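Encoded as structure tokens, the structure appears first; notes follow it.
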Amino acid sequence: MKVATWNINSVRAREERVLAWLENYQPDVLCLQELKGTDDVFPAEATNALGYHCAVFGQPTYNGVAILSKTPPEDVTRTFGDGVEDSHARFIAATINGVHILNGYFPNGGDIDSDKYVYKLAWLERLHAYLDALDVNEPVLLCGDFNIAPSKLDTANADKREGNVLFNPTVRGWFEKTLERGFTDTFRHLYPEEEQYSWWDYRNLSFPKNTGMRIDHILVTEPLKERLQDVWIDRDERKGKKPSDHVPVMATFAD
DNA sequence: ATGGCCAATTTTATTGGA
163 MKVATWNINS VRAREERVLA WLENYQPDVL CLQELKGTDD VFPAEATNAL
213 GYHCAVFGQP TYNGVAILSK TPPEDVTRTF GDGVEDSHAR FIAATINGVH
263 ILNGYFPNGG DIDSDKYVYK LAWLERLHAY LDALDVNEPV LLCGDFNIAP
313 SKLDTANADK REGNVLFNPT VRGWFEKTLE RGFTDTFRHL YPEEEQYSWW
363 DYRNLSFPKN TGMRIDHILV TEPLKERLQD VWIDRDERKG KKPSDHVPVM
413 ATFAD
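Counting from 1 along the first sequence, just add 162 to a position and that's the residue number in this note's numbering.
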């Protein structure tokens, strides 16, 4: 079973690339973030034609997440279901082949002294509350654009970036706490020393200079960790015309 | 060729991304 996550930065701008990528790599599940559009602009027919079901949670202009899968998604839920008023479409979950798939577009946080950062921290706490209600003895996969670099290995210019909304003790602590409650960072587990990134800023020649960050993650509970065979960050997807600023990350599990 | 922001909307500026 292959499960991938990809922040595509607009489904309309990235439709061709997404369809080509699906066709090339045939993931069983693809979790998308930052659709930047309503449900009706999602290319459902084109994805169906490639053999994928889609569960979409869009909104105008901002955010938006979706889960594509070869087998039908069951028990699809949008939002954390905690009753909190939230206008952002940032979370969708489904059960696919018995695996609980959780897909999040975590808030960026703006500046460290902004309301957006307050929102980010509150959202992270809500997600922990959601995870509290899960059984980590079951196969659970939490993926998406976390907007968190877990360690110094996961960001270029770590000293310069220390303290920003993506890389500071508070968000690293949140990530660490998630691992302590039974999740494994699949990439770091298989590649303890690797410095690979999943996002590069469009500005400042970030990609040629490789001043990126690893902020897109696939975390799994023990039953899936035991089946984990590989994790791959598709760096090449950042090349060429009209790339997203993020690239896909894909984990492979034994069937 | 891996190249000096990009995408959506409020559209010839502004907002958000990270």
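Idealized CB from N, CA, C, for every residue including glycine. If you're wondering where the values come from, they're calculated on a predicted model, not measured in any experiment.
Shown here for Ala256: same chain residues with a beta carbon closer than 7 Å to its own, the five before and five after excluded, namely Ala217, Ile229, Pro235, Glu236, Asp237, Val238, Ile263 in chain order. If you ignore the 5 residues before and after Leu315, its C-beta comes within less than 6 Å of the C-beta of Glu357, all in its own chain and listed in chain order. Secondary structure at Arg240: strand, using DSSP grouped into helix, strand and coil. For Trp285, the uninterrupted alpha helix (DSSP H) run begins and ends at 277–294, by DSSP. Taking every protein chain shown into account, the CB of Gly220 has 16 or more other CB atoms within 10 angstroms, so this residue is buried. In this structure, Arg389 and Phe349 do not form a Cβ contact; the two beta carbons are roughly 16 Å apart against a cut-off of 8 Å. Assignment of Trp168 by DSSP, reduced to helix, strand and coil, places it in the strand class. Within its own chain, the residues whose Cβ lies closer than 8 Å to the Cβ of Asp273, once the five positions on either side in sequence are excluded, are Tyr279, Val327, listed in chain order.
By alpha-carbon distance to Tyr353, the top candidate from Glu342, Arg365, Trp361, Trp394 is Trp394.
Contact between Ile380 and Ala413 holds: their C-beta atoms lie close to 5 Å from each other, under 8 Å. About 4 Å separates the CB atoms of Met375 and Thr317; that is less than 8 Å, so the two are in contact. Within the stretch 283–363, the runs of alpha helix (DSSP H) that reach at least 4 residues and sit entirely inside it are, in chain order, 320–323, 331–342, 348–352.
A direct Cα-to-Cα measurement between Arg365 and Pro385 gives close to 40 Å.
For Gly325, the closest of Leu194, Asp275, Asp244, Glu355 by C-alpha to C-alpha distance is Asp275.
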